[in-house]
Amino acid sequence: MNIDLTGQAAIVTGASSGLGRASALLFAQAGAKVAVNYNSNKDAADDVVDRIVAGGGTAFAIGADTSDEDAVIGMFDETVARFGGVDVVFANAGMQKDAAYADLSLDDWKRVIDVNLTGQFLVSREAVRRFRAQGDRGFGRAIGKILFMSSVHETIPWTGHANYAASKGGSGMLMRTLAQEVAEDRIRVNALAPGAIRTDINADATEDADKLLELIPYGRIGDVDDVARAALFLVSDAADYIVGSTLTIDGGMSLYPGFRNNG
Ligand code: NAD
0 MNIDLTGQAA
10 IVTGASSGLG
20 RASALLFAQA
30 GAKVAVNYNS
40 NKDAADDVVD
50 RIVAGGGTAF
60 AIGADTSDED
70 AVIGMFDETV
80 ARFGGVDVVF
90 ANAGMQKDAA
100 YADLSLDDWK
110 RVIDVNLTGQ
120 FLVSREAVRR
130 FRAQGDRGFG
140 RAIGKILFMS
150 SVHETIPWTG
160 HANYAASKGG
170 SGMLMRTLAQ
180 EVAEDRIRVN
190 ALAPGAIRTD
200 INADATEDAD
210 KLLELIPYGR
220 IGDVDDVARA
230 ALFLVSDAAD
240 YIVGSTLTID
250 GGMSLYPGFR
260 NNG
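Each step along the sequence shown adds one to the number in numbering that gives the first Met the number 0, with nothing skipped, and position 62 is 61.
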């Protein structure tokens, strides 16, 4: 299966590192023009852009805090001005601020909900507005594709990470409700739910690989490209009949591995 996004314009949020970075690079390899969003690390975003351009692709870096409504609108304005439209939007940006429940501050609760859930709302709402306004740009049946970044913690409770788990649980219902509402406009909305993938966000957990591997029946920690390939598939026409689904990419982490060996 050859996935081709030639001519399509993509926005990837949180694309200066980890899963967003790998997805931006892969989307560009498949022919998409990519807006590489970052929050604070401009140098890292510029490096992603440089790599894409060196490979013959088209990209630019765009700073925007995805929890800031005006910044999100500005990011879409800039993308449409440069690329003539937008066809693929990957709401990937996310963060953790971990604490035991009784110690979780209201600030840390709000910040994680603001970025992981409200940020996804702002980005996907703007995507819907732009897709409807620009209409059919001639890239397959869907007039636009939105991908949410969820987590296995959309469904697996996670002690010490209540704000994060709540944000991903909310993201799941946000995604499915939006998918239901806009499918008749031929806007496809889906999500990814990775398990343990080695990136900055979980550097502490992945350092203790042996402990983590007990939770992963497939026997390895995930790689960023495991997720980027799934992202590319879901935003492509190869996934044209997939609407409102969350694709789990976790080496079996969500299969209740504690029940192996007869429980
Ligand atoms: P990461 O820390 O490398 O990436 C997160 C990115 O989001 C960073 O580039 C960061 O700058 C950006 N970001 C944070 N706040 C932002 C804001 N307000 N505006 C714009 N960008 C912002 O870690 P990652 O693993 O690549 O995480 C990417 C996404 O994948 C997150 O939503 C995370 O919850 C999700 N996820 C990761 C894993 C994993 O194991 N790595 C598992 C499940 C889900």
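We put the beta carbon where it would ideally sit given N, CA and C, even for glycine.
Report buried or exposed for residue i, applying the criterion of at least 16 other Cβ atoms within 10 angstroms of its Cβ.
i	result
VAL52	exposed
MET264	For the chain, the structure presents residues 0 to 262; residue 264 sits outside this window and is missing.
LYS167	buried
THR65	buried
GLN95	buried
GLY266	The structure shown has nothing for residue 266, since the chain only spans 0 to 262.
ASN115	buried
LYS32	buried
THR176	exposed
PRO193	buried
GLU206	exposed
PHE258	exposed
ALA195	buried
GLU183	exposed
ILE180	With the sequence shown as reference, residue 180 is identified as Glu, and Ile is not the correct amino acid for it. Classification for GLU180: exposed.
ALA202	exposed
GLY343	Any question about residue 343 goes unanswered here, given that the chain covers just 0 to 262.
GLY93	buried
With 8 Å as the threshold, decide whether the Cβ of residue i is near any Cβ in chain C.
i	result
THR57	As a matter of chain content, chain C is missing from the structure shown, which is built from one protein chain.
Between the C-alpha atoms of residue i and residue j, what's the straight-line distance to the nearest angstrom?
i	j	result
LEU331	GLY159	Outside the shown range of the chain (0 to 262) lies residue 331, about which nothing can therefore be said.
ASP67	ILE10	16 Å
LEU246	ASP102	33 Å
MET172	TRP108	19 Å
TYR37	ALA70	11 Å
ILE61	ARG50	16 Å
ALA63	VAL111	16 Å
GLY73	VAL35	14 Å
THR198	GLU125	28 Å
GLY6	TYR163	35 Å
GLY221	GLY17	12 Å
PHE59	LEU191	24 Å
PHE120	GLY262	39 Å
ALA165	ALA178	20 Å
ARG136	SER39	32 Å
GLY30	TYR100	45 Å
VAL226	GLY19	9 Å
ALA161	THR117	16 Å
ARG219	ALA204	13 Å
ALA229	ILE2	11 Å
VAL47	LEU24	7 Å
ILE273	ASP113	There is simply no residue 273 to check, as the chain begins at 0 and stops at 262 in what is shown.
GLY134	PRO256	46 Å
Assess contact between the stretch 228–248 and the stretch 208–215, defined as three or more Cβ pairs (one per stretch) separated by less than 8 Å. Is contact present?
The answer is no - the stretch 208–215 does not touch the stretch 228–248, with fewer than three Cβ pairs under 8 Å.
Quick check: the stretch 113–130 against the stretch 86–97, are there 3 or more CB pairs under 8 Å?
Output reads yes: the stretch 86–97 touches the stretch 113–130.
Just checking, does the stretch 184–198 make contact with the stretch 226–234 on the three C-beta pairs under 8 Å criterion?
Touching, per the Cβ criterion.
Enumerate, from N- to C-terminal direction, the unbroken alpha helix (DSSP H) stretches of 4 or more residues contained entirely within the stretch 8–54.
The qualifying runs are 17–28, 41–53.
So, does the stretch 246–262 touch the stretch 213–232, judging by three or more C-beta pairs under 8 Å?
Taking 8 Å as the limit for Cβ pairs, the verdict is that the stretch 213–232 does touch the stretch 246–262.
With a threshold of 8 Å, are at least 3 pairs of Cβ atoms found where one atom belongs to the stretch 70–80 and the other to the stretch 143–157?
For the pair of segments examined, the stretch 70–80 was found not to touch the stretch 143–157: the number of CB pairs separated by less than 8 Å stays below three.
Let me know the alpha helix (DSSP H) ranges lying completely inside the stretch 99–179, each 4 residues or longer, listed in chain order.
Within the stretch 99–179, the complete alpha helix (DSSP H) segments of 4 residues or longer fall at 105–112, 118–133, listed in chain order.
Continuous alpha helix (DSSP H) assignments of at least 4 residues falling wholly in the stretch 218–247:
Those alpha helix (DSSP H) runs which fall completely within the stretch 218–247 and span 4+ residues are 223–234.
Mind pulling the alpha helix (DSSP H) runs of 4 or more residues that sit fully within the stretch 67–102?
Secondary structure in the stretch 67–102: the alpha helix (DSSP H) runs of 4 residues or longer, each lying completely within the stretch, are 68–82 in chain order.
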